[in-house]
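Let me begin by presenting the structure, written as structure tokens, before commenting on it.
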Amino acid sequence: MSQRSLEAREPVARAKQPDAAFVAGVRFRLGGAVDVPAAAAVINDAYLREAWLLPPPRITEAGLHEELRDGELLIAEIGGEIAGCIRYRRREQDVYFGLLAVAKAHQGRGLASLLVQRVEDEARASSTPLVRLDCAKENNLVPLYESMGYRVEREVPDSYYGHKGPITVSYMVKHLNGASHD
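With this note's numbering as the guide, the letters of the sequence shown map in order to residues 3 to 184.
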């Protein structure tokens with residue numbers, strides 16, 4: 003895949019602030035083993051846009067079980083069904099999140115922002131001042147996370163996906179106390 007085609011990825015919108023009626027219909031809870039099949043399906047469906055980089059599935063059920071050994075799965079339910087999820091783990095100096103996914107029927111309504119905010123709330127509750135994530139720059143997700151207050155801390159070329167062309171991994175951070183720590 004040429005660099006030109008990597009750069010031509012569909013742009014991702016800025017984070018949307020959900021309206022009050024939508025928020026009122028969302029129930030958040032920690033997920034467990036029973037949620038893995040449905041959560042993996044939501045993740046894999048949402049990550050189809052990354053199929054150019056990672057052939058589907060993004061994660062297997064066994065892989066998600068493994069991810070939960072040292073982390074949490076936050077579930078957002080609407081009408082009793084999993085509408086979105088995010089995997090996070092508390093580390094010594096920060097909280098790291100990944101596998102942020104929203105079911106197609108609920109995309110564009112601000113659910114991703116709500117999930118990230120909940121992870122940030124967990125970090126604040128545990129007196130952890132930093133939240134981190136990483137993403138492929140070529141997926142055009144950096145502007146989405148920047149609109150949520152994250153900034154690129156560093157970018158690193160990654161040849162792991164060399165069969166699809168070199169990528170750049172953007173490591174992003176948000177200081178929850180609002181201070182910049184360069």
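Beta carbons: idealized from backbone N, C-alpha and C, even for Gly.
Contact belief for residue 103 with residue 81 at Cβ below 8 Å, rounded distance in angstroms: Counted from its first residue, the sequence shown places residue 103 at position 101. Counted from its first residue, the sequence shown places residue 81 at position 79. So it is not a contact: roughly 17 Å between Cβ atoms.
Simplified DSSP state of residue 129, which is helix, strand or coil: By one-based count along the sequence shown, residue 129 stands at place 127. Reduced to three states, the DSSP call for residue 129 is coil.
Buried versus exposed, by CB contacts within 10 Å (16 or more), residue 144: In the sequence shown, counting from the first residue as 1, residue 144 sits at position 142. Counting C-beta atoms within 10 angstroms of its own C-beta, residue 144 has 16 or more neighbours from the protein chains shown and is therefore classed as buried.
Under 9 Å between C-beta atoms of residue 20 and residue 115: As a working note, residue 20 is residue 18 in the sequence shown. As a working note, residue 115 is residue 113 in the sequence shown. Yes, the Cβ-Cβ distance between residue 20 and residue 115 is below 9 Å.
Continuous alpha helix (DSSP H) assignments of at least 4 residues falling wholly in the stretch 89-174: For the stretch 89-174, whole alpha helix (DSSP H) runs of length 4 or above, ordered along the chain, are 113-127 and 144-148.
4-residue-minimum alpha helix (DSSP H) runs that sit fully inside the stretch 20-83, ordered along the chain: Listed in chain order, they are 22-26, 38-48 and 63-69.
Cut-off 7 Å between Cβ atoms - residues of its own chain near residue 96, not counting five sequence neighbours on either side: Residue mapping note: residue 96 aligns to position 94 of the sequence shown, counting from 1. Apart from the 5 residues on each side of it in sequence, residue 96 sits with its Cβ closer than 7 Å to the Cβ of 130, 132, 133 and 134 in its chain, given in chain order.
Selection from 156, 155, 75 and 69 that minimises the alpha carbon distance to residue 118: Along the sequence shown, one-based indexing puts residue 118 at 116. Residue 118 has its Cα closest to that of 75, out of 156, 155, 75 and 69.
Cβ shell of residue 4 (< 6 Å), same chain only, five flanking positions each side left out: Residue 4 sits at position 2 when you count from the first residue of the sequence shown. Its pLDDT being 38, under 50, residue 4 is placed unreliably in this model, and the value from its coordinates should be taken loosely. Taking residue 4 as the centre and dropping the five residues before and after it, the same chain places no C-beta closer than 6 Å to its C-beta.
Cβ shell of residue 39 (< 7 Å), same chain only, five flanking positions each side left out: For the purposes of this step, residue 39 is taken as residue 37 along the sequence shown, with counting starting at 1. Contacts found: 63.
Close beta carbons around residue 153, own chain, < 7 Å, minus the five adjacent residues each side: Within the sequence shown, residue 153 is the residue found at index 151, counting from 1. So the list reads 174 and 175, once near-sequence residues are dropped.
C-alpha gap between residue 46 and residue 77, whole angstroms: If you number the sequence shown from 1, residue 46 lands on position 44. If you number the sequence shown from 1, residue 77 lands on position 75. Our two residues, residue 46 and residue 77, have alpha carbons roughly 15 Å apart in a direct line.
Buried or exposed (CB count within 10 angstroms, at least 16 for buried), residue 33: Counting from 1 along the sequence shown, the entry for residue 33 is found at position 31. Counting the other CB atoms within 10 Å of its CB gives residue 33 a total of 16 or more, which places it among the buried residues.
Closest Cα partner of residue 48 within the set 109, 37, 70 and 99: Working through the sequence shown from its first residue, we reach residue 48 at position 46. Per the Cα distances, 109.
Cβ separation of residue 91 and residue 72, assumed to be a contact under 8 Å, to the nearest whole Å: Your numbering for residue 91 matches position 89 in the sequence shown. Your numbering for residue 72 matches position 70 in the sequence shown. Between residue 72 and residue 91 the Cβ distance is about 6 Å, and since that is below 8 Å, they are a contact.
Outcome for residue 83 when other beta-carbon atoms lying within 10 angstroms are tallied against a minimum of 16: Taking the first residue of the sequence shown as 1, we reach residue 83 at position 81. By the C-beta density criterion, residue 83 is exposed, having fewer than 16 other C-beta atoms within 10 angstroms.
Anticipated Cβ contact below 8 Å, residue 121 with residue 88, distance rounded: Counted from its first residue, the sequence shown places residue 121 at position 119. Counted from its first residue, the sequence shown places residue 88 at position 86. About 6 Å; that satisfies the 8 Å criterion.
CB contact flag (residue 157, residue 170, <9 Å): Residue 157 sits at position 155 when you count from the first residue of the sequence shown. Residue 170 sits at position 168 when you count from the first residue of the sequence shown. Going by beta carbons, residue 157 and residue 170 fall inside the 9 Å limit.
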